[in-house]
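Visitor: Chains as they are written, first to last, in full-length UniProt numbering: chain A, 1 to 443; chain B, 1 to 443. A virtual CB, placed ideally from N, CA and C, is assigned to each residue, including glycine. Computed from a predicted model, the values in this text were never measured in an experiment. Take this structure, written in structure tokens, and hold onto it; I'll ask about it next.
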């Protein structure tokens, strides 16, 4: 079972920063991140996972002012990942970076650089920017449509792979005696000319230690699944039930096979928001402590943001309307929340509070045995290859998971007690990709 | 006197990587960079300085194959700077980043992030991309003209400052009791709409600890000087003689004053390529050892690249033509080399060998006393506020400078023996900029 530690600065719960033990300035506190990363590494997590947004998210600033984790005050992930690479030795380092407003040469180079700095531990969670708050920072009046963004993302990933393949693995001879630094026969240009990009290459850094950084995908829409099946090696997804997890798992594995890849070439990690106690009552109490810290306007604002529609004109204790329009936002997340509300008969208030907790991810509250039971059920029944752990608050929520849940996972033989390899690919059991031979000789 | 340690992977000499004591894989060896950075910090350097290029430089691949340091195999600087921030505590961290092929929101955010990670030690050397080898990686058939690039760079820096000013310094309250994370009255949007960029803001990270990262400029053309005088706080420049250094120094200080700034608001650091020995003979011997390692084609290729014109059709032992055309490359560097050749009557071969050593920078070979005499002369006579030290090879060239030259500088009272402050601005004696009030209230 693969485990990611998904690090939101103060934790994933909307009110996490108000928890007495939370580090309220976590987003710009490097010592905090270093300590959390080292704790996750000591517990043998496969990877750290960082989200991203190139802009403050949300239109309701009075709600944002009461909600720390919406990208108003945190490190930029690739620079943070560089720093975390220097204070860890084995754990994988995955950062999210959008393809929508940057050129592929820049991102391919950065992730290759992190892979070299870390000795083969980098992963890139490729996303598209589903948020006009980002678009406005890059000269757009609105963000490009969903399909257009995915088309660009597909070309972007293709270019990135081509750039990582600029050099054969053994191109750099560095022969002091003969004075030959690299082998002229082992460098290639890409000469890419596509709809979105023109990129000659070569990339000015050797092939990453892992061949490519581990490619992660986090969109669960149809376009997201198609991109994942074509290229991704890890899929991060939000699933609320065994059935929906199985549907997603089987669909993505089947699509992956249809792309001529082995189903083992892709690892599916649903998010899980675990609230663990020594007893179920203690876990419930911990959760209620956090829920009671949510400011009324915050949950509604987050829900409006997630659904991409205004809700404040509707009765807070009434139901979610049946006919939510599909917007140009994060399509799969929207669908998941509407289904959750209708399945459990939640009022807008109840849905808002739920979203403010786990943000639409799978929320499990209980003892270590309860939580491992649920994880095991998905893991053994084609629902998950592992999980991206979303601690409610940091560092306490991760510490509790490490102290209580990890030992139970190990006891049942579901999780490692020691790293066997040195790279993120080693941890995940993913093969190192060969160079693709579609290049032009540079000379 | 301010001192920078300008870290080219294996050192600045074209054949540095072939030196018996050089770390040939330095460009992708993080342990190497960490050790060099820590040595520079122990010696109380003001800053580390990293160059950059978003593409392999040079058209002559057979020469590149014999020349390691032309950006074919090295870390991307902002990710490297993040990593170096984690293994150092006091030294300033300056990386070069071009404004030509990226959006300002991305770069402003990265440098703010590095400033936060490092506790106020970041600096940004703003350049334009004077090289078509970069243009080809970003969808261009040729790079934009010199003036156009500087116009974009000027708007870029203005936007970056505006983004760093998105939040007042005390905007983040993080009051767990009241649940107010930030003060709504202290966040601003930029709403910039210019010729090159449209950027709403706010930046999604608090104001950098230093207000702005230290702003460095490295172009010495007329446009470069104008940009420096308007905005830069450190100027890195190539100067060969006391007279040219004085001309540059006085001109930039006067232009800075003409912009309503104090001449003390800008620090001028010429590059110096020091080859130090315990005797002059030992220094000469060290230099010849490096010169003898230069492959014949390498020096010519570097010279062609620097001048932006082909030279291989001319007699290698003949003079440089009088009428070198001004190209769309790095204008000031071109001028400097032509003047050097004509002043000293150098043949193309001699100029090529000189450029392969110090790349057009000021080359000083001698004992510690000789080198400090020359540095002191510039420092005391309006030629320099300090120097960017360009070690011939690493780590040995920097180690020798630290062992021999630094003590002589300290003995003469020219250089510190301990850091007095914690930020790069502290080290350089630069004031922390106030927020500029040109923003729109976000709410």
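Please give the ranges of any alpha helix (DSSP H) in the region 264–338 of chain A, keeping only runs that are unbroken, at least 4 residues long and fully inside the region.
Guide: Segments of the alpha helix (DSSP H) lying fully in the region 264–338 of chain A: 280–291 and 296–307.
Visitor: Any heavy atom of the ligand PLP inside 7 Å of the beta-carbon of residue 387(A)?
Guide: As for the ligand PLP, it is missing from this structure, which has no ligand bound.
Visitor: Using a 10 Å radius around the Cβ and a threshold of 16 neighbouring Cβ atoms, would you call residue 292(A) buried or exposed?
Guide: If you number the first chain from 1, residue 292(A) lands on position 292. Exposed: under 16 other Cβ atoms inside 10 Å.
Visitor: Scan the region 109–136 of chain A for residues whose Cβ lies nearer than 7 Å to a Cβ of chain B and list them as they occur along the chain.
Guide: Under the 7 Å Cβ criterion, the region 109–136 of chain A contributes 109, 110, 113, 114, 116, 117 and 136.
Visitor: Within a Cβ cutoff of 6 Å, which residues of the same chain sit near residue 271(B), ignoring the five residues on either side of it in sequence?
Guide: Residue mapping note: residue 271(B) aligns to position 271 of the second chain, counting from 1. Only 238, 361, 388 and 390 meet the Cβ criterion.
Visitor: Report the residues of the region 67–78 of chain A with a CB closer than 8 Å to any CB of chain B, ordered along the chain.
Guide: Answer set for the region 67–78 of chain A: 67, 68, 71, 72, 73, 74, 75, 76 and 78.
Visitor: My parser needs the beta strand (DSSP E) runs of 3 or more residues fully inside the region 32–106 of chain A; what are they?
Guide: 47–50 and 92–98, all fully within the region 32–106 of chain A.
Visitor: What in chain A is Cβ-close to residue 56(B), meaning under 7 Å?
Guide: Numbered from its first residue, the second chain carries residue 56(B) at position 56. Correct list: 202 and 204.
Visitor: Under a three-way DSSP split, which group does residue 439(A) fall into?
Guide: Indexing the first chain from 1 puts residue 439(A) at position 439. Residue state, collapsed to three classes: coil.
Visitor: Could you check whether the Cβ of residue 188(B) sits closer than 8 Å to any Cβ belonging to chain A?
Guide: In the second chain, the residue the question calls residue 188(B) occupies position 188. Not one chain A Cβ lies under 8 Å of residue 188(B).
Visitor: Listing by chain order, which chain B residues have their CB less than 8 Å from the CB of residue 17(A)?
Guide: On the first chain, position 17 is the one that residue 17(A) refers to. Per Cβ cutoff of 8 Å: 174, 176 and 181.
Visitor: Compare the C-beta of residue 85(B) with all C-beta atoms of chain E and state if any pair is closer than 8 Å.
Guide: The displayed structure is made up of protein chains A and B, and chain E is not among them.
Visitor: Listed from N- to C-terminal order along the chain, which residues in the region 90–109 of chain B have their beta-carbon within a distance smaller than 8 Å of any beta-carbon of chain A?
Guide: Per Cβ criterion, the list reads 101, 102, 103, 105, 106 and 109.
Visitor: On the CB-based measure, 16 or more other CB atoms within 10 Å of its CB, does residue 333(A) come out buried or exposed?
Guide: For the purposes of this step, residue 333(A) is taken as the residue at position 333 of the first chain. Buried, because 16 or more other Cβ atoms sit within 10 Å of the Cβ of residue 333(A).
Visitor: Measuring CB atoms only, is the region 119–129 of chain A touching the region 202–217 of chain A, in the sense that at least three cross pairs come out at less than 8 Å?
Guide: In short, these stretches touch, since the Cβ pair count reaches three.
Visitor: Any C-beta of chain A sitting closer than 8 Å to the C-beta of residue 158(B)?
Guide: Along the second chain, read from residue 1 onward, the residue named residue 158(B) stands at position 158. It does not: the Cβ of residue 158(B) has no partner Cβ on chain A nearer than 8 Å.
Visitor: Do residue 101(A) and residue 51(A) count as a contact pair if the criterion is CB distance below 8 Å?
Guide: By 1-based counting over the first chain, the position of residue 51(A) is 51. By 1-based counting over the first chain, the position of residue 101(A) is 101. It is not a contact, given that the beta carbons lie outside the stated cut-off.
Visitor: Please classify residue 436(A): is it buried, with 16 or more other beta-carbons within 10 angstroms of its beta-carbon, or exposed?
Guide: The count along the first chain starts at 1 and reaches residue 436(A) at position 436. Its Cβ having fewer than 16 others within 10 Å, residue 436(A) is exposed.
Visitor: I want to verify the contact list: residues of chain A whose CB lies under 7 Å from the CB of residue 24(B), in sequence order.
Guide: As a working mapping, residue 24(B) is identified with position 24 in the second chain. The contacting residues are 174 and 176.
Visitor: What's the C-alpha gap between residue 442(A) and residue 181(A)?
Guide: Indexing the first chain from 1 puts residue 442(A) at position 442. Indexing the first chain from 1 puts residue 181(A) at position 181. Roughly 16 Å between the two C-alpha positions.
Visitor: With a cut-off of 8 Å on the beta carbons, I'd call residue 139(A) and residue 197(B) a contact; round off their distance for me.
Guide: Counting from one through the first chain, the residue named residue 139(A) turns up at place 139. Counting from one through the second chain, the residue named residue 197(B) turns up at place 197. The Cβ separation is near 6 Å, so the contact holds.
Visitor: Got a sec, what are the start and stop residues for the alpha helix (DSSP H) residue 405(A) sits in?
Guide: For the purposes of this step, residue 405(A) is taken as residue 405 along the first chain, with counting starting at 1. Counting along the chain, residue 405(A) falls outside any alpha helix (DSSP H), and DSSP gives it neither H nor E.
Visitor: Give the interface partners of residue 61(B) over in chain A, defined as CB-CB distance under 8 Å, in chain order.
Guide: Sequence index remark: in the second chain, residue 61(B) carries index 61 (1-based). In chain order: 184, 187, 442 and 443.
Visitor: Which residues does DSSP list as the beta-bridge partners of residue 355(B)?
Guide: Counted from its first residue, the second chain places residue 355(B) at position 355. According to DSSP, which records beta bridges pairwise, residue 355(B) is partnered with nothing at all.
Visitor: Along the beta strand (DSSP E) that carries residue 236(A), what are the first and last residues, could you check?
Guide: By 1-based counting over the first chain, the position of residue 236(A) is 236. From DSSP, the beta strand (DSSP E) with residue 236(A) extends over 234–237.
Visitor: Just to confirm the assignment, what range does the beta strand (DSSP E) spanning residue 255(B) have?
Guide: On the second chain, residue 255(B) is found 255 positions in, with the first residue counted as 1. That residue, residue 255(B), is in no beta strand (DSSP E); its alpha helix (DSSP H) goes 242–258.
Visitor: Name the chain A residues whose beta carbon is nearer than 9 Å to that of residue 80(B)?
Guide: Residue 80(B) sits at position 80 when you count from the first residue of the second chain. Neighbours of residue 80(B) on chain A, chain order: 82, 113 and 117.
Visitor: How is the alpha helix (DSSP H) around residue 122(B) delimited, first residue to last?
Guide: Position 122 of the second chain, counting from 1, holds the residue named residue 122(B). Taken as a continuous stretch (DSSP letters only), residue 122(B) belongs to no alpha helix (DSSP H), being part of the beta strand (DSSP E) at 122–127.
Visitor: To the nearest angstrom, how far is it from the Cα of residue 150(B) to the Cα of residue 159(B)?
Guide: The sequence position of residue 150(B) within the second chain is 150, counting from 1. The sequence position of residue 159(B) within the second chain is 159, counting from 1. Distance between the alpha carbons of residue 150(B) and residue 159(B) is about 14 Å.
Visitor: Three or more C-beta pairs closer than 8 Å, one from the region 277–284 of chain A and one from the region 243–260 of chain A: is that the case here?
Guide: No, the region 277–284 of chain A is not in contact with the region 243–260 of chain A.
Visitor: Check for me: the alpha helix (DSSP H) holding residue 190(A) runs from which residue to which?
Guide: Taking the first residue of the first chain as 1, we reach residue 190(A) at position 190. Run containing residue 190(A): none; DSSP gives neither H nor E here.
Visitor: Name, going along the chain, the residues of the region 288–319 of chain A whose beta-carbon falls closer than 8 Å to a beta-carbon of chain B.
Guide: So the close ones are 293 and 295.
Visitor: Do residue 134(B) and residue 142(B) have their beta-carbon atoms positioned less than 8 Å apart in this structure?
Guide: Residue numbering aside, residue 142(B) sits at position 142 when the second chain is read from its first letter. Residue numbering aside, residue 134(B) sits at position 134 when the second chain is read from its first letter. Result no, Cβ atoms of residue 142(B) and residue 134(B) do not sit closer than 8 Å.
Visitor: On the DSSP letters alone, give me the boundaries of the alpha helix (DSSP H) that residue 162(B) sits inside.
Guide: Position 162 of the second chain, counting from 1, holds the residue named residue 162(B). Looking at the DSSP string, the run of the alpha helix (DSSP H) that includes residue 162(B) is 146–164.
Visitor: Between residue 65(A) and chain B, is there a C-beta pair that is closer than 8 Å?
Guide: Taking the first residue of the first chain as 1, we reach residue 65(A) at position 65. Cβ-Cβ to chain B under 8 Å: yes for residue 65(A).
Visitor: Would you say residue 28(A) faces chain B, with C-beta separation under 8 Å as the test?
Guide: Locating residue 28(A) in the first chain gives position 28, where the first residue counts as 1. By this cut-off, residue 28(A) is an interface position.
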